[in-house]
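Residue numbers (the working numbering): 10 to 189.
Pasting the structure below:
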């Protein structure tokens with residue numbers, strides 16, 4: 010039974026291929042200016058902007074631009090030495106945000122930059138309304154945890170962290186202000 014079916018399918022495929030190649034000389038030779046309307050139904054061709062006017066303002070005009078989750082240092086300042094997803098993945102699957110480690114040119118200093126997932130926004134408190142540290146124009150907080158200096162700030166609703174073992178707070182803030 011399967012031998013007959015295979016023979017029938019082979020004959021049908023051969024007939025289809027022959028019909029295709031035999032019909033080629035009969036195709037129109039002049040190019041079509043716009044081939045798309047030939048594929049669209051007659052009802053869809055009749056729809057114009059005047060028959061379907063836009064009502065009200067566009068919803069897209071009021072949206073903020075999508076924030077960049079992966080900040081970078083300029084190429085003339087640092088070189089990327091490692092990049093991994095914030096969930097620990099290092100494979101070919103791209104993640105929304107990554108932890109990027111840079112080596113500052115002319116030094117052996119390493120600096121890591123990442124979006125902090127699920128972190129509370131960094132805001133000025135009543136006890137400390139004006140921080141001496143500002144990163145990219147935003148209020149920032151510095152801390153040292155297990156010998157690693159961290160600076161965190163929030164911009165566009167996303168909290169970022171820059172960290173280094175060898176760079177002090179003021180220099181780290183200067184480096185953070187170079188992020189793009």
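Built from N, CA and C at the ideal position, the CB exists for glycine as well.
The structure displayed is predicted, hence computed values, not measured ones.
Candidates the options, of which the one nearest residue i by Cα
i: residue 107; options: 114, 113, 115, 97; result: 97
i: residue 166; options: 159, 179, 148; result: 148
i: residue 94; options: 18, 115, 158, 123; result: 123
i: residue 80; options: 22, 72, 105, 67; result: 105
i: residue 114; options: 127, 129, 130, 87; result: 87
i: residue 194; options: 72, 77, 110; result: Nothing about residue 194 can be read from this structure; the chain reaches only from 10 to 189.
i: residue 131; options: 168, 137, 21, 140; result: 168
i: residue 180; options: 128, 116, 127; result: 116
i: residue 112; options: 85, 16, 137; result: 85
i: residue 129; options: 32, 31, 30, 164; result: 164
Closer than 8 Å: residue i CB and nearest the ligand MN heavy atom
i: residue 115; result: In the structure on display, the ligand MN does not appear, and there are no ligands present to speak of.
Distance CB(residue i)-CB(residue j) smaller than 9 Å
i: residue 118; j: residue 75; result: no
i: residue 142; j: residue 178; result: yes
Anticipated Cβ contact below 8 Å, residue i with residue j, distance rounded
i: residue 162; j: residue 174; result: 20 Å between Cβ atoms; not a contact.
i: residue 170; j: residue 125; result: 5 Å
i: residue 187; j: residue 66; result: No, residue 187 and residue 66 are not in contact; Cβ-Cβ is about 38 Å, not under 8 Å.
i: residue 158; j: residue 172; result: 7 Å
i: residue 160; j: residue 133; result: Going by Cβ atoms, the distance from residue 160 to residue 133 rounds to 15 Å, so no, they are not a contact pair.
Identity of the residues DSSP links to residue i by a beta bridge
i: residue 150; result: 161
i: residue 171; result: 122, 160
i: residue 111; result: 89, 120
i: residue 94; result: 107
i: residue 143; result: 148
Burial state of residue i (16 or more Cβ within 10 Å)
i: residue 182; result: buried
i: residue 70; result: exposed
i: residue 21; result: exposed
i: residue 151; result: buried
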